[in-house]
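S.K.: The structure under discussion is supplied below as structure tokens; questions concerning it will follow.
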Amino acid sequence: LHCKYKYYNFVDDKYNIKDYHIRNLADFLINYNVVPANKRRNVEAHLKSCVTKSIKKHRTPSCDSIFSYYTCISDEKLIYFN
1 LHCKYKYYNF VDDKYNIKDY HIRNLADFLI NYNVVPANKR RNVEAHLKSC
51 VTKSIKKHRT PSCDSIFSYY TCISDEKLIY FN
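Using the UniProt record's numbering, you'd call the opening residue of the sequence shown number 1 and step up by one each time.
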């Protein structure tokens with residue numbers, strides 16, 4: 001999972017997630033019609049809250065924190081899977 005997120009520039013080499021990573025993921029989700037463009041602020045806020053949750057849970061950036069971030073993102077509050 002980390003390798004894929006790193007490849008698309010959603011995280012860095014050291015498992016950190018910065019604001020520009022969040023913007024990149026939001027752009028990706030909007031460009032590929034996962035979420036509508038008018039929900040950008042909601043998506044970015046959701047992604048930031050997921051970063052906060054993963055940091056609180058794991059303390060340091062790691063593979064586990066990236067997995068927690070992913071599961072938080074895909075909780076279907078804003079992103080729905082069929």
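Note that CB positions come from ideal geometry on N, CA and C, so glycine has one too.
1) Assuming Pro61 and Asn9 form a contact by the criterion Cβ under 8 Å, report the distance between their Cβ atoms to the nearest whole angstrom.
2) Is the number of C-beta pairs between the segment 51 to 67 and the segment 24 to 36 that are closer than 8 Å three or more?
3) Buried or exposed: which applies to Tyr5, given that a residue is buried once 16 or more other Cβ atoms fall within 10 Å of its Cβ?
4) Straight-line CA distance for Tyr7 to Asp13?
5) Nearest-angstrom Cα distance between Pro36 and Ile30?
6) Span of the alpha helix (DSSP H) holding Asn24?
M.R.: The answer reads as follows:
1) The pair is not a contact, with the Cβ atoms about 15 Å apart (cut-off 8 Å).
2) no
3) buried
4) 10 Å
5) 6 Å
6) 19 to 31
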